[in-house]
Amino acid sequence: VSENDFHIIHANLNGGNRSTRDRLIPYCLFIDPPLGRIGINESQAWANNISYRVASLPMKAVLRPQTLSEPRGFMKVLIDAHSDRILGFAALGPEAGELMSNVQVAMLAGVPYTLSRNAFEIQNLCAQQNLDSLIAE
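4 is the number of the first residue of the sequence shown in this note's numbering; add one for each residue after it.
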C-alpha cells in the first residue's frame, strides 16, 4: 500500500490528479497455506444492500493443490447479481496470492467473471486451474 501511496503523491506533486479513493487493496498473508483476499466480503455486500451470488470450492477439488499434496483450504468469490462483475475474492491455499492477483486484474478492468472464466491462459498455472474450477458453470 505504501508504494502505491508514493506513486499517488509523486503524481500529484507533479501536476497529476490521482486519489486513494475507491482503490482495491489486495491482502496476502504468507502463512501455511497462504491467504489472499481482495474486494468486499459477504458481510460488506449485505450491509450495503448489494445483490450478489457466491461460489466456493475446496482446494481438494482442484488439481494443482492435489499435485502439490496441499489440499487444505478453499476459494470463494462474490459476484454482483446484476452485472456479473467480481465484488470480492478470498483464497486459502497454495498460490493464494497469485490467485488473488489474477482476480484483482479482472476487478480493476470491471469485466464480468465470464470473461475470466472463458480466457485462454497458459496451462499448468495454479491460478488458471483454480479460477476455472471456481467459476465454471
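Note that beta-carbon positions come from the ideal geometry of N, C-alpha and C, so glycine has one too. Please read all numbers here as calculations on a predicted model, not as lab measurements.
Closest Cα partner of residue i within the set the options
i   : options            : result
I43 : P37, R26, E73      : R26
R67 : I12, P97, S5, Q107 : P97
Secondary structure of residue i, DSSP reduced to three states
i    : result
R120 : helix
F9   : helix
L16  : helix
V80  : strand
S104 : helix
Contact check, residue i vs residue j, beta carbons under 7 Å
i   : j   : result
Y55 : R40 : no
P37 : R75 : no
6 Å CB neighbourhood of residue i in its chain, flanking five on each side removed
i    : result
N127 : In this prediction, N127 has a pLDDT of 48, which is less than 50 and means its spatial position is unreliable; what the coordinates show is noted afterwards. For N127, where only same-chain residues beyond five positions count, there are no Cβ hits under 6 Å.
G91  : G42, I43, N44, L81
K79  : S59, A93
Rounded C-alpha distance that separates residue i from residue j
i   : j    : result
R21 : S72  : 44 Å
I11 : I28  : 14 Å
S46 : A112 : 24 Å
Same chain, Cβ closer than 8 Å to residue i, neighbours up to 5 away in sequence not counted
i    : result
V114 : R88
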